[in-house]
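In my numbering, the protein residues as written are -17 to 462.
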């Protein structure tokens, strides 16, 4: 093991951890804004109470996302200076837009929204949360545009004197088909996560109402209908977003076939070029021998996903490898095939299971119904971590599918690492970041659990609640 291996592990760990918060922030910001809009238009108190309850959970998640995201920027300079030197002139534009437009919009209006309750007019205050939600989604686009450039470099030229990529067309970078397709896919998946989060929190509260435990806050009589409504809203968001994930995922597969044929071939363990290639449900193979011992397939499905034609031709790993060697020179241009193969299936399986739970939940809660037992609530709660894991596996597929390149066709990962960083230095920073993130995970889960357990009455007391007992202790976090 060398510094390159540990640098890749460190970037993978910190990126995956950060990405746990990003989709929830993207989707939950819009859901909270929609809840406040419902209150603004109807004047119904339960919408305001739901806005403040889920808004507090959104703010905790947003704060953690900001803290963990800062580390990403440091790593470019610490472990990947050669990469930073090569892409800096291109990445400077979309990342500057993300900071100066999207993040400033998001952070400024979140601040106004937090401190603007009872200070700003209702319409102005509502506009603040919508501006913050728009900022969150704009931020995602600019970052994904930079990421998509690594998979499909456009609008640039390489300066032969400096060896750096130089931006020539910002419109091509922002209009990159990979950027728009990835953005739709990632944002749709983010709404799957956010919808399931709202549904899972609501299901947990309804379950604990039926089977309370010692220390649980006695729920107000109106909370059952509030959480039934929010649970169905979460189901609806998840079901609609799930359909968009499927459509955008299909488009992603077709773009990958054009620009990253090795990724598609590796994700299916397709060794040789085939016509009417089947979609592999389960395979056991020999990577070194370039063959599968067992491969259970659905005929023609892979060709349809990759080309839109069930009889279309899909290139195999060995064929793409030969093409790359002829064009780029000798080397192994295959990614980790086992990781890609199973990441693809876990992404689809776990993601679709979350959407299936949402569709089933909509049916079971129709016409004012709530299940009489707790099994469905437990399934809904379990669907959230399953969908989060599916989201992570999708990101692993995207990033590891580009290997051995950091910038496809231009810069290899092995050539991107900082030349002056030693194995010991990377090991120290990896251990430090992993420990820090472990502590942050405990803080995040603890805060979320604390406020979920306290319920909506903790953020907006009910009129018939008794006044709180006087105390000198003050809750410091996210009070508004």
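Ideal placement from N, C-alpha and C gives every residue a C-beta, glycine not left out.
For residue 148, the enclosing beta strand (DSSP E) begins and ends at 146 to 149. With distances taken between CA atoms, residue 435 lies nearest to 39 out of 13, 39, 90.
Pairing residue 144 with residue 234 gives a Cβ-Cβ distance that is not under 9 Å. Counting C-beta atoms within 10 angstroms of its own C-beta, residue 276 has fewer than 16 neighbours from the protein chains shown and is therefore classed as exposed. By the 16-neighbour rule on beta-carbons within 10 angstroms, residue 51 is buried. Taking 8 Å as the upper bound for CB-CB distance, residue 409 and residue -12 are in contact here, some 6 Å apart.
Cβ neighbours of residue 320 within its own chain (closer than 8 Å, five residues either side excluded): 269. For the options 230, 133, 220, 353, the alpha carbon positioned closest to that of residue 244 is the one of 133. DSSP assignment within the region 305 to 362 yields the following whole alpha helix (DSSP H) runs of 4 residues or more, N-terminal first: 319 to 346. If you draw a straight line from the Cα of residue 48 to the Cα of residue 2, it comes to about 12 Å.
If you check the CB distance, residue 177 and residue 231 do not come in under 9 Å.
Within the model, the alpha-carbon separation for residue 41 versus residue 295 is close to 48 Å. In chain order, 374, 377, 378 place their CB closer than 8 Å to the CB of residue -2, counting only its own chain and leaving out the 5 sequence neighbours on each side. Between the region 146 to 163 and the region 174 to 191 there are fewer than three inter-stretch CB-CB distances shorter than 8 Å, so the stretches are not counted as touching. Secondary structure at residue 389: strand, using DSSP grouped into helix, strand and coil. For residue 91, the closest alpha carbon among the candidates 46, 122, 11, 74 is that of 11. Here the alpha carbon of residue 142 sits roughly 20 Å from the alpha carbon of residue 387.
For residue -3, the three-state secondary structure derived from DSSP is helix. For the 9 Å CB-CB criterion, residue 237 and residue 259 do not form a contact. Here residue 150 is exposed. Its C-beta has fewer than 16 other C-beta atoms within 10 Å. Annotation for residue 107: the continuous alpha helix (DSSP H) segment containing it runs 104 to 133. Beta-bridge pairing by DSSP links residue 101 to no other residue.
Taking a cut-off of 8 Å on C-beta distances, the region 344 to 353 does not touch the region 385 to 402, as fewer than three cross pairs fall below it.
Contact holds between the region 78 to 93 and the region 113 to 120, because three or more Cβ pairs, one in each stretch, are under 8 Å apart. Straight-line spacing of the CA atoms in residue 17 and residue 220 works out to 16 Å. According to the DSSP assignment, residue 205 belongs to no beta strand (DSSP E) but to the alpha helix (DSSP H) extending over 205 to 241. Sixteen is the threshold: when 16 or more other Cβ atoms of the shown chains lie within 10 Å of the Cβ of residue 327, as they do, the residue is buried.
Taking residue 404 as the centre and dropping the five residues before and after it, the same chain places the C-beta of -15 closer than 7 Å to its C-beta, in chain order. Note that the C-beta distance between residue 75 and residue 95 is not below 9 Å. If you compare the alpha carbons of 301, 168, 261 with that of residue 286, the shortest gap goes to 261. Comparing alpha carbon positions, the residue from 380, 27, -17, 171 closest to residue 337 is 171. Residue 417 and residue -17 have their C-alpha atoms roughly 21 Å apart.
Taking each of 344, 279, 339 in turn and checking the Cα distance to residue 369, the smallest one comes out for 339. The criterion of a C-beta distance shorter than 9 Å is satisfied by residue 205 and residue 438. Taking residue 68 as reference, the option from 303, 46, 184, 399 with the minimal CA-CA separation is 399.
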